[in-house]
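Be aware that the sequence shown starts at 418, since it is given in this note's numbering, and climbs by one per residue.
Glycine residues also receive a C-beta, built at the ideal position from the N, C-alpha and C atoms.
In this text the structure is predicted, and so the values were computed from the model without any measurement.
Quick notes on the structure that follows.
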Amino acid sequence: MTCRTDILAVARDLAAGHPEGTFSMQDIVQALRAQQTTHTDAQIRRHVRAIMCANSTEKGAGQFPDLEWVARGRFRLLEQPV
């Protein structure tokens with residue numbers, strides 16, 4: 418699986434378990450480590466912080482607008498089109 422698909426899978430689980438539907442980057446990293454991911458922490462963080470974050474200002478940001486930064490260290494899944 419790709420880093421993005423792995424992140425989306427754990428993000429859905431984490432969001433479902435939080436009343437506001439949010440999660441932290443560390444939550445994602447820890448969940449993927451628990452699954453013994455082959456992705457490095459740096460790869461995971463880069464995907465969450467930039468590649469998958471629709472409102473990121475980093476280089477290469479929003480290639481896949483799956484997540485939204487909502488507060489310091491907190492993200493949420495954006496609605497996926499059906």
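Note down, in chain order, each residue of its chain lying with its Cβ closer than 8 Å to the Cβ of A488, except the 5 sequence neighbours on either side. For the purposes of this step, residue 488 is identified with residue 71 of the sequence shown, where counting begins at 1. For A488, where only same-chain residues beyond five positions count, the Cβ hits under 8 Å are T439.
Is there contact between the stretch 471–483 and the stretch 438–454, where contact requires at least three CB pairs shorter than 8 Å? no
Who are the near neighbours of C420 in its chain, counting only those whose CB is closer than 6 Å to its CB and skipping five residues on each side? As a first step, residue 420 is located in the sequence shown; it is residue number 3 there, counting from the start. Hits under 6 Å: H456, Q460 and H464.
What does a CB cutoff of less than 8 Å around A432 pick up in its chain, not counting 5 residues either side in sequence? The sequence position of residue 432 within the sequence shown is 15, counting from 1. So the list reads G438, T439, F440, R493 and L494, once near-sequence residues are dropped.
Using beta-carbon positions only, say whether M418 and G490 come within less than 8 Å of one another. If you number the sequence shown from 1, residue 418 lands on position 1. If you number the sequence shown from 1, residue 490 lands on position 73. Against a cut-off of 8 Å, the Cβ pair of G490 and M418 comes out as no contact.
In chain order, what are the residue ranges of uninterrupted alpha helix (DSSP H) at least 4 long that sit wholly in the stretch 430–494? 442–451 and 458–463
Nearest-angstrom Cα distance between V499 and A448? The count along the sequence shown starts at 1 and reaches residue 499 at position 82. The count along the sequence shown starts at 1 and reaches residue 448 at position 31. With a pLDDT of 44 at V499, under the threshold of 50, the predicted position of this residue should be treated as unreliable, though the coordinate-derived value follows. Rounded to the nearest angstrom, the two C-alpha atoms are 26 Å apart.
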